[in-house]
Amino acid sequence: MFFLPDRLDRRFHLLRLIILFLMILLSLPLAALGAGKPVVVASTTQIADFAREIAGDRLVVRSILAPGADPHTYQPTPNDVQVVLSASLCLENGLHLEGKNWMGALARDAGKELVTVSRGVAPLQLGKEGQVVPDPHAWFSVQNAAIYVNNIVEAMGRLDPAHAAEYQARGSLYLQQLRVLDAWIRDEVGRIPPSRRILVTTHDAFNYFCRDYRFNPNNRYQSIAPVGWSTGAEVGGGMTPKRHQQVVDSIRRSGARAIFVETTINPKQIREIAQETGVAIGGELYSDSMGKAGSAGESYIGMMRENILLIVQALK
Ligand SMILES: [Zn+2]
Numbered sequence: 120m121f122f123l124p125d126r127l128d129r130r131f132h133l134l135r136l137i138i139l140f141l142m143i144l145l146s147l148p149l150a151a152l153g154a155g156k157p158v159v160v161a162s163t164t165q166i167a168d169f170a171r172e173i174a175g176d177r178l179v180v181r182s183i184l185a186p187g188a189d190p191h192t193y194q195p196t197p198n199d200v201q202v203v204l205s206a207s208l209c210l211e212n213g214l215h216l217e218g219k220n221w222m223g224a225l226a227r228d229a230g231k232e233l234v235t236v237s238r239g240v241a242p243l244q245l246g247k248e249g250q251v252v253p254d255p256h257a258w259f260s261v262q263n264a265a266i267y268v269n270n271i272v273e274a275m276g277r278l279d280p281a282h283a284a285e286y287q288a289r290g291s292l293y294l295q296q297l298r299v300l301d302a303w304i305r306d307e308v309g310r311i312p313p314s315r316r317i318l319v320t321t322h323d324a325f326n327y328f329c330r331d332y333r334f335n336p337n338n339r340y341q342s343i344a345p346v347g348w349s350t351g352a353e354v355g356g357g358m359t360p361k362r363h364q365q366v367v368d369s370i371r372r373s374g375a376r377a378i379f380v381e382t383t384i385n386p387k388q389i390r391e392i393a394q395e396t397g398v399a400i401g402g403e404l405y406s407d408s409m410g411k412a413g414s415a416g417e418s419y420i421g422m423m424r425e426n427i428l429l430i431v432q433a434l435k
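No gaps in the numbering here: position 38 of the sequence shown is 157 in the working numbering, and each next residue is one more.
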């Protein structure tokens, strides 16, 4: 029988250990990412949530925006470029939600298919810096959310035709949940007397919501964001005494019982203004982003439910 010299034997043993270690190391990230499954990359947290509901375990869904991030002012990172390079399909909101078209640029640069999930929505119009632009916050109408879902079902069916019936079935179950959500919102809002259905928020994200659920009748059922407050991260930035006064005046004029802060926006200045106007702060609403994983607003249905509970509590 042949025996390796002791030293050589130890070296072989060491080599085997190193190979074993490398195999474990290499297999870990692949398993964690769902090795071999096509990747779908969504721009926003809401779209990623719809996509996960429809994909089940067939596809890996990733979101570019983290909870709390502002889609209007977002600047993509080198890591986002890598994420999009891994994608078989990219999903964006469109209607200029992704400021300077950052999701379109990421998908184009990576040569990836991009589907605009708001396709088919009849957009409301927003006046912005003297121009009329489509209002991008279309998911605040649950009926529009159903349009998003149908577009995602179709896109996933094209990406993975072998499982198209599955995507259709999951989509159909989720659409039923959206119908229940819509009916529940109408019931809950019904508890607020019509004269108190005044919704004042820090940026004008709630036009579709106000239209569908009949808030702000004196403002043609459009959301009320006080004059002088602009959208996105600019809120509070560049506030002058004149703009401050405009904000205070328009809150007083609105007759609102409460004003609402949004989770994507810095609330400090809103607190000062609430004090000055003597109006309560109704709480923090989810607007352009869902909540962190593990929070009550971590899903689309969850964020809509939590918003409604706060609004009804503050205005009823
Ligand atoms: Zn917004």
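The beta carbon of each residue, even a glycine, is placed where N, CA and C say it ideally should be.
Sequence-distant residues of its chain with Cβ nearer than 6 Å to residue i (five each side left out)
| i | result |
| --- | --- |
| Ser237 | Asn212, Gly213, Leu214 and Ala257 |
| Ile343 | Val319, Asn335 and Ser373 |
| Ala229 | Val203 and Leu204 |
| Gly239 | Ile266 |
| Arg316 | Phe334 |
| Ile183 | Ser162 and Asp199 |
9 Å Cβ cutoff met for residue i and residue j
| i | j | result |
| --- | --- | --- |
| Gly401 | Met409 | no |
| Val200 | Arg181 | no |
| Glu285 | Arg171 | no |
| Lys231 | Val261 | no |
| Glu425 | Ser406 | no |
| Ala274 | Leu208 | yes |
| Val272 | Gln295 | no |
| Gly430 | Val299 | Looking at the sequence provided, one finds Ile at residue 430 rather than Gly. Cβ distance not < 9 Å, so Ile430 and Val299 don't count as in contact. |
| Ile173 | Gly290 | yes |
| Leu233 | Ile166 | no |
| Phe169 | Phe259 | no |
Simplified DSSP assignment, three categories, for residue i
| i | result |
| --- | --- |
| Arg177 | coil |
| Ala344 | coil |
| Glu307 | helix |
| Leu210 | strand |
| Glu417 | coil |
| Leu429 | helix |
| Leu133 | helix |
| Ser291 | helix |
| Thr400 | It should be pointed out that residue 400 corresponds to Ile in this sequence rather than to Thr. Strand, per DSSP. |
| Tyr200 | Just to set this straight, residue 200 is Val in the shown sequence, not Tyr. Note: Val200 maps to helix in three-state DSSP. |
| Ser182 | strand |
| Ala283 | helix |
| Lys219 | helix |
| Lys247 | strand |
| Leu318 | coil |
| Pro253 | strand |
Buried or exposed by the 16-neighbour rule on C-beta atoms within 10 Å, applied to residue i
| i | result |
| --- | --- |
| Pro345 | buried |
| Asn326 | buried |
| His322 | buried |
| Pro190 | buried |
| Ala281 | exposed |
| Val354 | Any answer about Val354 is weak, because its pLDDT of 47 lies below 50 and its placement is not dependable; what the coordinates show is given next. By the neighbour-count rule (16 or more Cβ atoms within 10 Å), Val354 is buried. |
| Thr359 | exposed |
| Ala241 | exposed |
| Gln341 | buried |
| Arg269 | At residue 269 the sequence reads Asn, which differs from the Arg that was named. Looking at its Cβ environment, which holds 16 or more other Cβ atoms inside 10 Å, Asn269 is buried. |
| Thr164 | buried |
| Thr235 | buried |
| Val179 | buried |
| Ala185 | exposed |
Sequence-distant residues of its chain with Cβ nearer than 7 Å to residue i (five each side left out)
| i | result |
| --- | --- |
| Ala377 | Val398, Ala399, Ile400, Gly401, Ala433 and Leu434 |
| Val367 | Ile392, Glu395 and Thr396 |
| Asn337 | none |
| Glu417 | Met409, Gly410 and Lys411 |
| Ala226 | Val203, Cys209 and Leu233 |
| Pro255 | Asn212, Leu214, His215 and Leu216 |
- [ ] With ligand 1 as the reference, list in chain order each residue whose Cβ lies under 5 Å from any of its heavy atoms.
- [x] Ala324 and Asp407
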